[in-house]
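Numbering (the working numbering), first residue to last: 8 to 1056. In this text, a Cβ means the ideal position worked out from N, Cα and C, and glycines have one as well. Here the structure comes first, spelled out in structure tokens, and everything after it is commentary.
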């Protein structure tokens, strides 16, 4: 059966089929969304609950624990972490990849509703959830500044007008506000004035709640008209609260202005943000847009940017709007770089083909397999819902080097028949019939090597699933083109030329090829006479491969230069907000002087679960051509920022893939967990201190903060009961005085604002002021707080963390340049074994956890890939022996890949491992070329194994070199690539280039020797009859003699 017969005899049909591939592929390309990586995020939901003024321990026990108990009943929940800080709890739920995010969100909402009755009644609002991974980096930062407007007015424009409209964009999870200054009315009372008038702070709260109302007032129906009844029960500004009557004493009203002051202020006056350039540092509002898991960054950023002209037109002229950072820009730059690499690779491979063939028509015919294979793959990508991202484009770039091989083999066989005197049409029919099944087998066997990649587990497997399918599709499409378009074009356009028609350049190049072939023939003959040398070399290669594998560093992803830097800052526990601001400004002043930084923002103070002693710096760097490597900047910043006393700075480059749901000050996390909190808090600092002493570790820190200064009130319950005071009344008075309690709400047309009750600022700085506070007893009398409680200075936690439902402490760390993640994981585990008791369990989180999971499965996947190729070859040759001969090149490829990675100080990460798996499919093609001819040569004549393999290697030397050069040119641009995201792609390119170079140089000698020994072994077993693949039996053994040359000189 001739698979190509129909396409050769019907050129119009073949042309239209190819035209259809081009049209559908081009249409698909134009509609493919652009992204940095495949959209395979874990479904993640963040639940947030607030209770202003509540301690971290209260939030953990009263809010986090009830929610966690209910969340554990949700199906498909992979991990659950929670952090409770002052007045806030955040629970992060991460589900397995099989769960739909929207369905999980419904289950979360149901669980929150079931927990409502167990939560504190004073919570201003029920817990809310958002479909967002808090560890994900925002995709776009927008800064609002103004030299004249109050910050709460600026916040109104940003948080109310802009953030709400941005939140309606499909795919936006939330808009974080750094430096939020949302308007609020603050009622600040003087405890001395209250005591002098015999008024309790609870009366102030009740009076405001009674006087600031917004209730329905009904409708008045007249004989002819209906009237809506309105009343001015709501107070909207601070000045309107001053005349309020709180109580009557001695028949006279006591107004609020007599008890303190009421000011127009903000909800959170313990947070601030600045937009900074090299010239100025301006207080402002920073909007950070976060996407939902699984959505497209570029599309969301484009939609946000489309709103910016409208925002600018609506803002007052005194307000400046600046896009501080847009993640989509670096993504598009990275994708553009890969597109350029793809075009460069196409040009290099075509150049290699022309160099060997030196004929325009013969070069064009196999080269057409390249665009058709790539464009046809775009159509499949669109159908499967893939993106035009770094991985899919890298798969296409890598495929360029070997999708042309099948077309070359087809061309070569047709040329041989033309040289035998057959006309082009008959040569195409005969040649395609002989070689068709072989091309089909080579295509399927090469595509099959990527099947194990589809079985990589977890998130990593889902990411590379798209890579494997894309490159496999390109290979299959190229096989189809080689069986259809290539023979048809050969039958119409290929002509045989005589040696006299070639020019001097052709002759010179041919002389070089012939000289190389003669040198190879002589050296191979010597090698076959001294087979023991090759066996010794093969053994040495195996040993060196094992050695390099053991000494090579292992990692997950390479650090990318994406022109952005985070610096997490931390001050001593208990630092005041004013002092924190000054320390943060000192750090920002250092960053301002860095020439590589184009713009940045600085944030300080409590925000959500961020403690009051935490800060953040986010920098947008200048383009790469205008600065040095980002690693040098990190080292410089770490040194300079450490000089600010009282502050710790942890700079890091945000990873391209953020794995896990926890955002820590350093990249890698190691979590300790135990039911006994006292023991956990005792050993966690010991473990942190031990990791800090390990060589190669930087920025070691933990989320355990248990030395926050506290004032502990020991309630004298018997005395309190005698005076008619309950513990609830005491805590209620404290909440009113120091908890920034939201006692009332102001409703505006497009927002709502809080009325906050507290003591005057001068009474919030000294614990001794607690003695001025009075508590109303059940009889109505005011009882001084120090009469029913003793005050004691102590320390307590600044935050409380849970993993699952148990207390947890997370230690995070960075690594010094040149230190691999694999070595770090090993050292941490060894340290833990000598310090931690059995009751404390440990686990890596995030990237380190993914590394452990990936490394445990990658070795198995590599073995599966080799076994799969062995089975395909065994079926193809109907032999258990010949596949071993063909695969004997693998140790050389492995050594070449490992040695190259080691020489360039490159970790064996996921990209490098995929490159090594690719080598399994690439290097076996050359073995097939040699062994296939040798088998047929022995079948057709009485040659010895030595004679057969010598002839096979000589005849196939040129096509082997040609396909090898094409594969190298297809991979070399990736190995040497520069530009956005190149750091991740280089390991794969280096592994393939190194493996191909060494394997092709050495297997030209080693594989023939292995063949001879295994043939002798097979004869000894009595199975000397050699089986060849179907389709090869009728071929002339000289069919390979054309050596990929359409004409003979």
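Do residue 66 and residue 91 have their beta-carbon atoms positioned less than 8 Å apart in this structure? For the purposes of this step, residue 91 is identified with residue 84 of the chain shown, where counting begins at 1. For the purposes of this step, residue 66 is identified with residue 59 of the chain shown, where counting begins at 1. Yes; because the gap between Cβ atoms is below 8 Å, this pair is in contact.
Beta carbon of residue 188 nearer than 8 Å to that of residue 292: Within the chain shown, the letter at position 181 stands for residue 188. Within the chain shown, the letter at position 285 stands for residue 292. Contact: yes.
C-alpha distance - residue 1055 paired with residue 361, whole-angstrom precision: Position 1048 of the chain shown, counted from the first residue, corresponds to residue 1055. Position 354 of the chain shown, counted from the first residue, corresponds to residue 361. For residue 1055, the pLDDT reaches just 34, beneath the cut-off of 50, and the residue's location in the model is therefore unreliable, although a value from the coordinates is still provided. If you draw a straight line from the Cα of residue 1055 to the Cα of residue 361, it is about 15 Å long.
Return the Cβ separation of residue 96 and residue 123 in integer angstroms, given the expectation that the two are a contact with Cβ distance under 8 Å. Along the chain shown, read from residue 1 onward, the residue named residue 96 stands at position 89. Along the chain shown, read from residue 1 onward, the residue named residue 123 stands at position 116. For residue 96 against residue 123, the beta-carbon gap comes to about 15 Å, at or over 8 Å, which does not count as contact.
Return helix, strand or coil for residue 136, following the three-state DSSP convention. For this step, residue 136 is matched to residue 129 along the chain shown. DSSP places residue 136 in strand when its eight states are reduced to three.
Going by beta carbon distance, what residues of the same chain come within less than 7 Å of residue 1006, once the five residues before and after it are set aside? The count along the chain shown starts at 1 and reaches residue 1006 at position 999. Cβ neighbours of residue 1006 beyond the five flanking positions: 896, 899, 900, 903, 930.
Is the beta carbon of residue 224 less than 8 Å from the beta carbon of residue 238? Working through the chain shown from its first residue, we reach residue 224 at position 217. Working through the chain shown from its first residue, we reach residue 238 at position 231. Yes.
May I ask you to report which of helix, strand or coil DSSP gives residue 807? The count along the chain shown starts at 1 and reaches residue 807 at position 800. Three-state result, residue 807: strand.
Let me confirm a value: residue 537 is counted as buried when at least 16 other C-beta atoms fall within 10 Å, else exposed. Which label applies? The residue labelled residue 537 in the question sits at position 530 within the chain shown. In this structure residue 537 is exposed. Its beta-carbon is surrounded by fewer than 16 other beta-carbon atoms within 10 angstroms.
Using only the alpha-carbon positions, how far apart do residue 59 and residue 267 sit? Numbered from 1 along the chain shown, position 52 holds the residue referred to as residue 59. Numbered from 1 along the chain shown, position 260 holds the residue referred to as residue 267. A direct Cα-to-Cα measurement between residue 59 and residue 267 gives close to 22 Å.
Between residue 296 and residue 451, is the Cβ-Cβ spacing less than 8 Å? Counted from its first residue, the chain shown places residue 296 at position 289. Counted from its first residue, the chain shown places residue 451 at position 444. Not a contact, by the Cβ cut-off of 8 Å.
Give the list of continuous beta strand (DSSP E) stretches no shorter than 3 residues that lie fully inside the segment 318-352. Within the segment 318-352, the complete beta strand (DSSP E) runs of at least 3 residues are 327-333.
Compare the Cα-Cα distances from residue 679 to each of 603, 582, 818, 620 and report the closest residue. Taking the chain shown and counting its residues from 1, one reaches residue 679 at position 672. Among 603, 582, 818, 620, the Cα nearest to that of residue 679 belongs to 818.
Give a yes or no on contact between the segment 928-943 and the segment 366-374, applying the rule of three or more CB pairs nearer than 8 Å. Taking 8 Å as the limit for Cβ pairs, the verdict is that the segment 366-374 does not touch the segment 928-943.
Measuring CB atoms only, is the segment 706-715 touching the segment 835-849, in the sense that at least three cross pairs come out at less than 8 Å? In short, these stretches do not touch, since the Cβ pair count stays below three.
Pull up the CB-CB distance for residue 39 and residue 401, whole angstroms please, since I reckon it's below 8 Å. Reading the chain shown from its first residue, position 32 is the one you call residue 39. Reading the chain shown from its first residue, position 394 is the one you call residue 401. So it is not a contact: roughly 15 Å between Cβ atoms.
Using DSSP with H/G/I as helix, E/B as strand and the rest coil, what is residue 286? Position 279 of the chain shown, counted from the first residue, corresponds to residue 286. Three-state result, residue 286: coil.
Identify every residue that forms a DSSP beta bridge with residue 754. The residue labelled residue 754 in the question sits at position 747 within the chain shown. Its beta-bridge partners are 759.
Per DSSP, which one or two residues make a beta bridge with residue 539? What you label residue 539 is simply residue 532 of the chain shown in a count that begins at 1. Looking at the DSSP assignment, residue 539 forms no beta bridge with any residue, so it has no partner.
Three-state secondary structure (DSSP) of residue 162: On the chain shown, position 155 is the one that residue 162 refers to. Helix at residue 162.
For residue 621, the residue or residues it bridges with in DSSP: Counted from its first residue, the chain shown places residue 621 at position 614. Looking at the DSSP assignment, residue 621 forms a beta bridge with 577.
Taking buried to mean at least 16 other C-beta atoms within 10 Å of its own C-beta, is residue 965 buried or exposed? Sequence index remark: in the chain shown, residue 965 carries index 958 (1-based). Flag for residue 965 reads buried.
Span of the alpha helix (DSSP H) holding residue 831? Against the chain shown, residue 831 aligns to sequence position 824. Membership of residue 831 in the alpha helix (DSSP H) is indicated by the continuous run 828-842.
In the DSSP assignment, find the unbroken alpha helix (DSSP H) run with residue 467 in it and report its ends. The residue labelled residue 467 in the question sits at position 460 within the chain shown. Boundaries of the alpha helix (DSSP H) harbouring residue 467: 465-500, taken from the DSSP string.
Could you work out which residue in 429, 787, 46, 483 is closest to residue 178 when comparing CA atoms only? Position 171 of the chain shown, counting from 1, holds the residue named residue 178. Ranking 429, 787, 46, 483 by Cα distance to residue 178 puts 46 first.
Are the CB atoms of residue 442 and residue 425 nearer to each other than 8 Å? Along the chain shown, one-based indexing puts residue 442 at 435. Along the chain shown, one-based indexing puts residue 425 at 418. Against a cut-off of 8 Å, the Cβ pair of residue 425 and residue 442 comes out as no contact.
Complete beta strand (DSSP E) runs within the segment 203-234 (minimum length 3 residues, chain order): If we require 3 residues or more, the beta strand (DSSP E) runs fully inside the segment 203-234 come out as 226-228.
Closest by C-alpha distance to residue 286, when choosing among 598, 63, 861, 257: Reading the chain shown from its first residue, position 279 is the one you call residue 286. Nearest of 598, 63, 861, 257 to residue 286, Cα basis: 598.
Measure from the alpha carbon of residue 327 to the alpha carbon of each residue in 801, 162, 555, 748, then state which is nearest. Taking the chain shown and counting its residues from 1, one reaches residue 327 at position 320. Of the listed residues, the one whose Cα sits closest to residue 327 is 162.
Could you compute how far the alpha carbon of residue 99 sits from the alpha carbon of residue 623? Along the chain shown, one-based indexing puts residue 99 at 92. Along the chain shown, one-based indexing puts residue 623 at 616. About 21 Å.
Measuring from the CB of residue 658, is there a heavy atom of the ligand NAP at a distance below 7 Å? Among the ligands in the structure shown, none appear at all, so the ligand NAP cannot be discussed.
For the beta strand (DSSP E) that contains residue 268, what are its first and last residues? Locating residue 268 in the chain shown gives position 261, where the first residue counts as 1. Residue 268 -> beta strand (DSSP E) spans 267-273.
In chain order, what are the residue ranges of uninterrupted alpha helix (DSSP H) at least 4 long that sit wholly in the segment 378-433? As far as the segment 378-433 is concerned, its whole alpha helix (DSSP H) runs of at least 4 residues are 397-410, 412-426.
Rounded straight-line distance, which links the Cα of residue 113 to that of residue 80: The residue you call residue 80 lines up with position 73 of the chain shown. The residue you call residue 113 lines up with position 106 of the chain shown. Whole-angstrom Cα-Cα distance: 13 Å.
What is the residue span of the beta strand (DSSP E) that residue 791 lies within? Here residue 791 is taken as the residue at index 784 of the chain shown, counted from 1. Note, residue 791: beta strand (DSSP E), 789-791.
Need the endpoints of the beta strand (DSSP E) that residue 89 sits in, please. Translated into the one-based positions of the chain shown, residue 89 becomes position 82. Its beta strand (DSSP E) spans residues 84-92.
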